[in-house]
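A.B. asks: This structure is in structure tokens; I'll ask about it shortly.
Numbering (the numbering used here), first residue to last: 19 to 529.
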């Protein structure tokens with residue numbers, strides 16, 4: 019009788035185990051200043067960027083989806099489109115720095131990947147944009163735009179719309195050291211979108227719904243091929259609507275294939291997406307059930323990565339007022355079903371710790387760091403492990419760790435490094451509990467605090483990571499022992515001993 023509860027507990031622990039590698043992404047919306055920036059001025063905005071990234075790093079996120087093109091305006095200087103209104107309060111006004119460049123630098127410094135969240139066909143809201151230089155697409159190219167239900171959209175059926183978008187995306191990809199792009203609103207707004215005149219010119223007698231889907235599919239294919247020809251390891255994905263095609267259980271909801279001409283499963287079938295992050299913004303218990311939709315997406319992923327969307331904003335009373343347990347249950351389902359990661363929509367919910375979501379992630383669901391899964395169809399060559407690991411006691415009585423790269427690896431410098439710390443050999447780098455510092459962006463002056471060491475034996479090893487997150491073999495380990503001796507803490511590093519005297523900063527070093 020006692021065996022059954024034990025088995026149930028064990029089964030629960032297996033289901034809820036944190037994988038070593040999973041995408042942990044958050045969406046940062048800039049449209050209407052929803053998430054960032056909350057103030058104007060380069061100085062204040064840079065402080066806010068650093069604070070946001072520090073907070074996400076503490077909670078063991080590893081990926082940022084930053085909205086860099088929200089409504090036909092940009093978070094970076096461009097010769098094609100104007101600066102975003104959200105930066106200064108005025109469309110086209112220079113904020114005095116390059117926000118995207120700064121976001122990338124600060125993200126990579128913390129080992130976070132940064133993706134450009136890029137709205138494709140939806141380009142403006144109600145009315146007309148201000149005159150700017152360069153001009154907003156609605157004013158600069160009115161022949162490409164359609165006004166639909168108080169919003170401006172580029173017309174996907176006009177070949178020049180896709181030419182315009184292609185030029186804009188390539189400018190972004192070649193100019194910035196991004197890790198990838200997430201394409202949003204890559205669809206029509208709805209079936210009654212007024213593109214009859216475009217269809218008469220370009221439809222060539224095809225069924226209109228099929229013609230529309232072909233327009234989007236062609237753009238997806240051409241864009242993927244072009245970007246990959248420039249940056250083969252660049253990751254290209256999208257966030258399609260959560261319901262691919264309507265059936266009896268979803269007939270009253272907005273189906274992407276039926277109403278928006280968004281055939282994202284075709285994109286996966288022909289391998290023109292590296293990942294998708296579907297907007298599965300429903301709960302687990304009621305139709306359309308979260309886990310059922312997620313299983314369907316994974317079953318049609320064709321080996322590409324599925325990063326499951328989580329509608330954290332529905333914790334808010336003005337939306338669905340979800341209980342915090344819904345978020346916890348969804349993350350458990352994502353891991354159990356086998357998605358490659360989790361994307362939390364959106365940042366403000368975390369910053370405000372709505373119903374304790376930030377603490378839930380930091381202290382429980384994301385308790386340990388996670389690496390980022392490798393994309394097996396890209397460069398999977400394994401980097402060489404670091405060598406000549408050196409650990410010294412610094413003036414603050416913490417450990418300073420440095421290492422070297424093999425000369426044979428000089429032309430393929432690793433992107434990041436992982437540091438593992440264990441109290442037994444061999445050091446198991448598959449065990450998330452042994453992650454000590456992950457995705458370190460430099461190879462010297464890495465500080466291991468003396469309080470991080472457990473009393474007794476400790477073993478430290480370092481690995482290299484490629485730009486495609488392929489991990490090297492382990493370096494040779496360094497032996498570290500921490501113990502009490504005559505009231506003092508003694509640190510032994512290999513055969514070298516250090517006394518830590520809490521009353522002084524002097525270090526006595528002897529063999």
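Cβ coordinates follow ideal geometry from the N, Cα and C atoms, glycine included.
Quick check: the Cα distance between residue 501 and residue 445, rounded to an integer number of angstroms?
C.D. replies: Their Cα atoms are separated by approximately 20 Å.
A.B. asks: Expressed to the nearest angstrom, what Euclidean distance is found between the alpha-carbon atoms of residue 65 and residue 360?
C.D. replies: Residue 65 and residue 360: Cα-Cα distance of roughly 27 Å.
A.B. asks: Quick check: the Cα distance between residue 428 and residue 434, rounded to an integer number of angstroms?
C.D. replies: Low per-residue confidence applies at residue 428: pLDDT is 49, beneath 50, and the placement is therefore not dependable, though the value from the model is reported in the following sentence. When rounded, the distance between both Cα atoms is 14 Å.
A.B. asks: Does the beta-carbon of residue 110 have 16 or more other beta-carbons within 10 angstroms, so that it is buried, or is it exposed?
C.D. replies: Result: buried.
A.B. asks: Let me confirm a value: residue 362 is counted as buried when at least 16 other C-beta atoms fall within 10 Å, else exposed. Which label applies?
C.D. replies: Residue 362 comes out buried.
A.B. asks: Could you tell me whether the stretch 267–282 touches the stretch 223–233, where touching means 3 or more Cβ pairs closer than 8 Å?
C.D. replies: Counting Cβ pairs under 8 Å, three or more are found: they touch.
A.B. asks: Taking the C-alpha atoms as reference points, what is the distance between residue 171 and residue 402?
C.D. replies: Cα-Cα distance, rounded: 48 Å.
A.B. asks: Tell whether a beta-carbon distance below 8 Å holds between residue 194 and residue 122.
C.D. replies: Yes. Within cutoff.
A.B. asks: For residue 148, I'd like the list of residues in its chain whose CB is within less than 6 Å of its CB, leaving aside the five on either flank, ordered along the chain.
C.D. replies: Taken in chain order, the residues that qualify are 109.
A.B. asks: Using the Cα positions of residue 219 and residue 240, report the straight-line distance between them to the nearest angstrom.
C.D. replies: Between residue 219 and residue 240, the C-alpha separation is close to 22 Å.
A.B. asks: Rounding to the nearest angstrom, what Cα-Cα distance links residue 274 and residue 262 in this structure?
C.D. replies: Rounded to the nearest angstrom, the two C-alpha atoms are 5 Å apart.
A.B. asks: Can you tell me which residues form a DSSP beta bridge with residue 435?
C.D. replies: Paired residue(s): 458 and 482.
A.B. asks: According to DSSP, is residue 328 helix, strand or coil?
C.D. replies: Note: residue 328 maps to strand in three-state DSSP.
A.B. asks: Using the DSSP secondary-structure output, state which residues sit across from residue 420 in a beta bridge.
C.D. replies: 408, per the DSSP bridge assignment.
A.B. asks: Kindly identify the DSSP beta-bridge partner or partners of residue 41.
C.D. replies: Note: residue 41 sits in a beta bridge opposite 359.
A.B. asks: Looking only at its chain, what residues have a beta carbon closer than 6 Å to the beta carbon of residue 237, apart from the 5 residues adjacent to it on each side?
C.D. replies: Correct list, in chain order: 180.
A.B. asks: Buried or exposed, going by whether 16 or more other CB atoms sit within 10 Å of the CB of residue 298?
C.D. replies: By the 10 Å Cβ count, residue 298 comes out buried.
A.B. asks: Counting only the same chain and skipping the five closest in sequence on each side, list residues whose C-beta sits under 7 Å from that of residue 400.
C.D. replies: 488 and 490, listed in sequence order.
A.B. asks: How is residue 383 classed by DSSP in three states: helix, strand or coil?
C.D. replies: Helix, per DSSP.
A.B. asks: What residues in its chain sit with their C-beta under 6 Å from that of residue 144, if we drop five residues either side in the sequence?
C.D. replies: Taken in chain order, the residues that qualify are 168.
A.B. asks: Would a C-beta distance cut-off of 8 Å place residue 17 and residue 345 closer than the cut-off?
C.D. replies: Outside the shown range of the chain, which is 19 to 529, sits residue 17, and nothing can be said about it.
A.B. asks: Can you tell me whether DSSP reads residue 394 as helix, strand or coil?
C.D. replies: Of the three classes helix, strand and coil, the one that applies to residue 394 here is coil, per DSSP.
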